[in-house]
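These notes are about the structure you will find just below.
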Amino acid sequence: MSSARGLRRRARETLDVVVARDPSIRSRSEALLHPTPMALVGHRTGNYLYRHRHYRSARLVCLVTRVLTGGIEIHPGAQIGRRFFIDHGCGVVIGETAVIGDDVSLFHQVTLGSTGWWQDRERDPAGTGRRHPRLGNGVTVGAGATLLGPITIGDDALIGALSLVLDDVPKGARVRVSGARTATATHPPAPLPENGTDR
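Residues 82 to 280 (the numbering used here) make up the sequence shown, in order.
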C-alpha cells in the first residue's frame, strides 16, 4: 500500500514539475500529454528490466518510448534523479552510463554521449566504466548542447544552447557560446523578374 502511495506521489511530483517549468502547460491533466512523463515512465520501466539483466526487453521499452515521445532516447542503464524535465524533447540522447542528479532540465536536441568507442578507454584511465557525463543537481542544459565523455557538470551549472562540452564544469558555472551577430549586406539581393519567378 505504501509503495502505491509512493508511486502516486512521484507521479504528481513529475506532473507538477512539468506545469512549473513549461509555461504552455496549465494543469496536471495537460501535463500528462507532455513528453517528459512518458519518457520517465518508459525509462523507469526499462531501467528496472536492465538492472535485472533483461537487456533485450529493456531495449525494446527504450525503442517504443523513443517513438512515443518524438525522439527522446534514454538508454535503460542511465541513472536519473527526481524532478527531471525535458523541454520539447525531440532529439534528446542520454547514454548508458550517464548519471543525472535531481532538478535537472534538458532542452531539445541535447546529447549526453561518449567520445566514441575508440577513445572511451583513454578518457577513463581509472577504469570506472563511465563513458558518459555526470550532471549534478539543478543543472540546466540548453537546446542543441552536446556533452561528451565521462565529465562531471557541477551542481547548478548552466550549459548554454549549442555548447560543446568536453571537460568538467565547476559548480554554479555558466558555459556559453558566442551568439550570432547581425551583419548588413554590402550588396542588395538582385530583384526578382516581374512575373515573380526566378528562371
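Virtual Cβ for every residue (Gly too), placed ideally from N, Cα, C.
Do the region 98 to 112 and the region 140 to 150 make contact, defined as three or more Cβ pairs closer than 8 Å? no
Sorted by chain position, which residues of the same chain lie with C-beta nearer than 7 Å to G151's C-beta, five sequence neighbours on each side aside? Walking along the sequence shown from the start, residue 151 turns up at place 70. Around G151: P116, G170, C171.
Looking only at DSSP bridge pairs, what is L320 linked to? Residue 320 lies beyond the residue range present for the chain, which begins at 82 and ends at 280; the question has no answer from this structure.
Look up R102 in the DSSP assignment and say whether it is helix, strand or coil. Sequence index remark: in the sequence shown, residue 102 carries index 21 (1-based). Helix at R102.
Grab me the residues of I106's own chain with a C-beta within less than 7 Å of its C-beta, minus the 5 sequence neighbours each way, in chain order. The residue you call residue 106 lines up with position 25 of the sequence shown. So the qualifying residues of the chain are V99, V100, A112, H115.
Pull up the CB-CB distance for L228 and P214, whole angstroms please, since I reckon it's below 8 Å. Here the question's residue 228 lines up with position 147 in the sequence shown. Here the question's residue 214 lines up with position 133 in the sequence shown. About 4 Å; that satisfies the 8 Å criterion.
Mind checking which residues open and close the alpha helix (DSSP H) that includes P157? In the sequence shown, counting from the first residue as 1, residue 157 sits at position 76. It is not in any alpha helix (DSSP H) - P157 carries neither H nor E in the DSSP assignment.
Rounded straight-line distance, which links the Cα of P157 to that of T233: The residue labelled residue 233 in the question sits at position 152 within the sequence shown. The residue labelled residue 157 in the question sits at position 76 within the sequence shown. Whole-angstrom Cα-Cα distance: 20 Å.
Count the other CB atoms, across all protein chains shown, that sit within 10 Å of the CB of T184; report buried if there are 16 or more and exposed otherwise. Within the sequence shown, numbered from 1, the residue matching residue 184 stands at position 103. The amino acid at residue 184 is misidentified as Thr; the sequence shows Asp. Counting Cβ neighbours within 10 Å, D184 comes out buried, since at least 16 surround it.
What is the DSSP secondary structure of V142, reduced to helix, strand or coil? Position 61 of the sequence shown, counting from 1, holds the residue named residue 142. Three-state DSSP puts V142 in a helix.
Taking the alpha carbon of F165 as the point to measure from, which residue in T196, T178, A120, S138 has its own alpha carbon closest? Here residue 165 is taken as the residue at index 84 of the sequence shown, counted from 1. Residue A120 is the option with its Cα nearest to F165.
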